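Report on one structure; see the data block that follows.
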Amino acid sequence: MSARLTTGGRFTDRSKQLGFSFNGKRLTGYAGDTLASALLANDQILVGRSYKFHRPRGIVASGAEEPNALMHLGSGNRFEPDQRATTTELFDGLVSESQNHWPSLETDVGAINARLARFLPAGFYYKTFLWPRGLWKHLYEPVIRQAAGLGRAPDAESRDADRYEHFHAHVDLLVIGGGVAGLMAAKTAAEAGAQVLLVEQTAHWGGRAPVDGGVIDSMDPDAWVAQTVAALEAMPNVRMRLRLMGAAVQDHGHVLGYERVSDHAPGSAGPRHRLWRIRARQVIAATGAIERPLSFAGNDVPGVMLAAAMRDYVVNFGVIPGRRTVVVTNNDDGYRTAICLVRAGLEVPAILDARPYGGGKIADEARALGIRIEPGRAVSKVLGTRRVTGVASCLQIGEGSSLEDIPCDAVAMSGGWSPVVHLWSHTGGKLMWDEAGAFFRPDPERAPTGADGLPFVLACGAANGALALPETLRCAAQTGVDAARRLGIKAADAAAPPAQTTDESSLMPVWIMPAKARADLRMKAFLDYQNDVKVSDVQLAAREGYESVEHTKRYTTLGMASDQGKLSNINGLGILSDALGKPIPQVGTTTFRPPYTPISFGAIAGEARGEMFQPLRRTPMQDWHAAHGAAWEIVGQWRRPYCYPQTGESKRDAVNREINAARGSLGVLDASTLGKILVKGPDAGKFLDMMYTNMMSTLPVGKCRYGLMCNENGFLMDDGVVVRLTGDSWLCHTTSGGADHVHAHMENWLQCEWWDWKVYTVNLTEQYAQIAVVGPNARKLLEKLGGMDVSKDALPFLQWADGRLADTPVRVYRISFSGELCYEIAIPANRGRAFWDKLIQAGAEWNITPYGTEALHVMRAEKGFIMIGDESDGTVIPQDLGLGWAISKKKTDYLGKRAQERPDMVRGNRWQLVGLETPDGSVLPDGAYAVAAGKNANGQRNVQGRVTSTYYSPTLTRGIAMGLVENGPGRMGETIWFTAEEQEHTTRKLSLVEAKIVSPVFFDPKGEKQDV
């Protein structure tokens, strides 16, 4: 049985007892415990059930690699599924529940699957659920969905009670991993003068060295770690963080860090989790190594544990996973666990060493303690179901015939070590196979490179394959120096402190135990504990032709559990290699994807939740609009005035009044929400020629040009007026909802495709207020304000000028989206409201009328101007909208050009823009489809177009509409029919509405009113 030792535990404080619960049982632990160590201390061996077969599962590891001990933590609005007991620090009042069972952990109905295991091999679902076809919807899919996942999702109604945040940091050197290698590398680089950030995912510095023993600089590792940490803390150029995991290494030295700030102390000040966005010029991965399990029958029975993890529980927490432990190993590290257990007063009946030559010097130490050592032996199978009761031993070279049953209540297994190469691999770092250690390690000749083509990630210590303590420290010291030199620092060579540890005998790779295991044993030898992937499954995949490791992974689900194959991948590769008769390097590895371990959705979202999920963006005139009764419309993250209803006035009446005022005298519109992106640099003109369909590089300074922007598929994505400010500067106006998207689109092409072009962009949308002064009296109002010449000769249509109006610095554009005389005036945002007030006051002489977005839309439709999102829907190209004139014939390329030349884009029957009028002047239904003869293959009526915009025009006193109709411009004057829904009491029926195809320009077709 597992229990707490009477003494011991580096991390635990026995003066502070903590209460917690597991599946409703009240248990106790100590400050410093993890949930896993506290469960073991209470003899809670069974902690969960596997996904597929619902087999009993116990704790296997002691860190982030743990695949079994996944828990529901908390309750109510602090409930969280799939949390690792091995990385969860115990606190008073912790509530935990095991997962993936019903009705209880001990009695799980799903365990019937284990009885059917021979009928549920790898890939069975690909063969089973194809027939009969009708059962998929009514049987297979509901059952699969019900069985999917391990944990239970939080209640939809609950809201996370904690706070999360993002944090940005810029450093010379980021060292990931706080073991002796990370400490040594950080100290060496910091002493050379580098600005260093050192992070460690656990709550303690030092890594494995204090547990595994040895001597560093005449000190035990614990003392050396304490001394080195103190030295680093005293350095002004070093920052250190515990509980901060290096989650992902990305391009350009961008690293994601995941800090669990207060998981161990709920209710304390500050956020619960913090997502770090770190920009590091150099990164050192000192992430250590993970011990591999051995693949023998019953290696998943609760009580079978990694040998190093067993040492961790004894040394760090004073907890024993069993009183009588058999150690099975293929390397010398297993002996350390046996020695540790005996010195703790526990019994080790045997060490089963698969190597015929046995262990090295450490084996002599074990013999001196009276431990029986059996070279060339293996575990045939583990005895017991819900906990270990013994092992059957056999010859490693045999088929599994039992030579001896050894009673025990725990098994410690050690199959060698695998460097943690995940972060190295995230940005393309390549690996090399180490035959001596039987692992992949970083290839220094093929390191991850930055934008300059130079390496920016180094690996050291066990993460680089240097497993022995002296070798680890030497590697780390040199890596710290190398990192400093890469930073341009003249760093002197640094000597590692002298270190001693016991010399080890060579490892013998063991992928299956015993080597010629019978089929019945292979079917119980697990590789992936969480997904129930067995040795036999990988061998089956190889027989069925899945020779690619990536295909085998997906066919068997090997390494696809929440631990992402940290324990299973190398063993699985070894099995696949043997089955295919190929060496492991030729078989290759699966892809290492970030994050290294799961991170919370809360950390990803940060403060972006509730009102901050989409922060309300406000123009400088927002308060004025609210005070004057604006009815609001949602436009992206903005709230824009839809109209300004007066007392007793409907919205439709308000819109009509606003349009009549703007057309008849003077209107004013808050256009501050329009996107404003500054594009600057020697290559800015070339860049904009690629971004827009028409030429922008030839636009003279002081002029404006309407531009269309397409995506690479040729479809229209945004439009707006582009302004040439100086020889190398342009200001690009975008739609209100499109500014951020367009800016990101620009940056994507600049950073990923044209990274060598000298172009800089900045989104200035909220830096300026922008006001449209519209109507026949617009020029009179600006002349009244005084300060600059706004006459037609001084400021012609499609030109701009800087100046002052009403003693306010302004930039005035002569552009119009209403078809009226219009000046769009840009003002620094902090002076926007004051200028607006001056306009309102001075414009009273002409009955100045603020108008909203609906009046804007009606007036633009009267003029036949398109609206992105109405006339475009992601399938429309400029040619469909009659905008071929805005596509340059002079340039050879722009984004979308080649796509627009595809056969489907140039066919004659595309839906194209037209105007639509009803005979009686009524308003067509928005979005209505134009019906055509016949029906399609689904029995639905054929259609030949749809309404894109439809309004009542007070200017024309009738309804107007724009639409996309099949070959529309070639069918002028033709009558077509549109669908309309009619409501009769409680039923709806479909009727048809007649409309004539006309020009989309309904008002002032020659544009005379806007150019006066």
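Going letter by letter, the sequence shown gives residues 485 to 1496 in this note's numbering. Glycine residues also receive a C-beta, built at the ideal position from the N, C-alpha and C atoms. Since the structure is predicted, the reported quantities are computational estimates derived from the model, not experimental observations.
Three-state class that DSSP yields for residue i in the structure shown
i       : result
Ile1481 : strand
Phe1301 : coil
Tyr819  : helix
Trp1369 : helix
Thr1359 : coil
Met1105 : coil
Phe924  : strand
Ala475  : Nothing can be reported for residue 475: it is not among the residues displayed for the chain, which extend from 485 to 1496.
Ala653  : strand
Ala687  : coil
Thr1333 : strand
Asp1410 : coil
Gly666  : helix
Ala852  : helix
Thr1441 : coil
Gln1014 : coil
Boundaries (first-last residue) of the alpha helix (DSSP H) holding residue i
i       : result
Gly1418 : Segment 1413–1419 is the beta strand (DSSP E) holding Gly1418; no alpha helix (DSSP H) there.
Arg1136 : 1135–1148
Asp706  : 705–717
Tyr1039 : 1033–1040
Leu1504 : With the chain covering only 485 through 1496, there is no way to say anything about residue 1504.
Leu957  : 953–970
Asp796  : 791–801
Pro1387 : 1387–1390
Ile429  : There is simply no residue 429 to check, as the chain begins at 485 and stops at 1496 in what is shown.
Ala1168 : 1168–1175
First and last residue of the uninterrupted beta strand (DSSP E) at residue i
i       : result
Val1398 : 1395–1401
Phe506  : 497–506
Arg725  : 722–726
Gln1428 : 1425–1437
Asp889  : 888–891
Ile835  : 831–837
His585  : That residue, His585, is in no beta strand (DSSP E); it is neither H nor E in DSSP.
Ala876  : 874–879
Whole-number beta carbon distance between residue j and residue i, since they are thought to touch under 8 Å
i       : j       : result
Val709  : Gly690  : 4 Å
Glu573  : Thr518  : 6 Å
Ala1155 : Ile1255 : 6 Å
Asp1173 : Lys974  : With 8 Å as the limit, Asp1173 and Lys974 do not qualify as a contact, their Cβ atoms being about 46 Å apart.
Arg820  : Ile846  : 7 Å
Pro1438 : Asn1195 : Going by Cβ atoms, the distance from Pro1438 to Asn1195 rounds to 37 Å, so no, they are not a contact pair.
Ala1145 : Thr1333 : 4 Å
Neighbourhood of residue i by C-beta distance below 7 Å, restricted to the same chain and skipping five residues each side
i       : result
Ser1149 : Gly1259, Pro1260, Asn1261, Trp1330, Asn1331
Arg1425 : Val1415, Lys1419
Pro982  : Asp701
Gln1283 : Gly1186, Lys1187, Cys1188, Arg1298
Phe1408 : According to the sequence shown, residue 1408 is Leu rather than Phe. For Leu1408, where only same-chain residues beyond five positions count, the Cβ hits under 7 Å are Leu1400, Thr1402, Val1431, Thr1434, Gly1443, Ala1445, Phe1462, Val1477, Ala1479.
Trp620  : Phe613
Nonlocal neighbours in the same chain, by C-beta distance under 8 Å from residue i, ignoring five residues either side
i      : result
Thr869 : Pro540, Val785
Leu489 : Val798, Gly802, Val803, Ile804, Ala828, Gly829
Arg851 : Ile857
Spatial neighbours of residue i in its chain, beta-carbon cut-off 6 Å, leaving aside the 5 residues before and after
i       : result
Ala876  : Ser864, Lys865, Ser886, Asp889
Gly1336 : Pro1125, Tyr1126, Cys1127
8 Å Cβ cutoff, residue i in contact with chain D
i      : result
His736 : Judged by its chain identifiers, the structure shown contains no chain D, having just a single protein chain.
At a cut of 8 Å, does the region 1230–1245 reach the region 1165–1176 through at least three beta carbon pairs? yes
For the region 1286–1302 against the region 1223–1236, are there 3 or more C-beta pairs whose distance is under 8 Å? no
Determine, using beta-carbon pairs with one atom in the region 886–906 and one in the region 1001–1019, whether at least three such pairs fall under 8 Å. no
Would you be able to state if there are at least three C-beta pairs under 8 Å between the region 894–904 and the region 938–957? yes
Does the count of Cβ pairs from the region 743–753 and the region 1071–1079 closer than 8 Å reach three? no
Does the structure place the region 960–974 close enough to the region 654–671 that three or more beta carbon pairs sit under 8 Å? yes
Is the region 664–680 touching the region 1112–1120 in the sense that three or more CB pairs, one from each, lie closer than 8 Å? no
Below 8 Å, can you find three or more Cβ-Cβ pairs linking the region 1006–1014 to the region 1039–1048? yes
Below 8 Å, how does it come out for the region 1199–1214 and the region 1349–1364: are there three or more Cβ pairs, yes or no? yes
Could you tell me whether the region 528–548 touches the region 778–793, where touching means 3 or more Cβ pairs closer than 8 Å? yes
Inter-stretch contact at 8 Å, needing at least 3 Cβ pairs: the region 1015–1028 / the region 1080–1088: no
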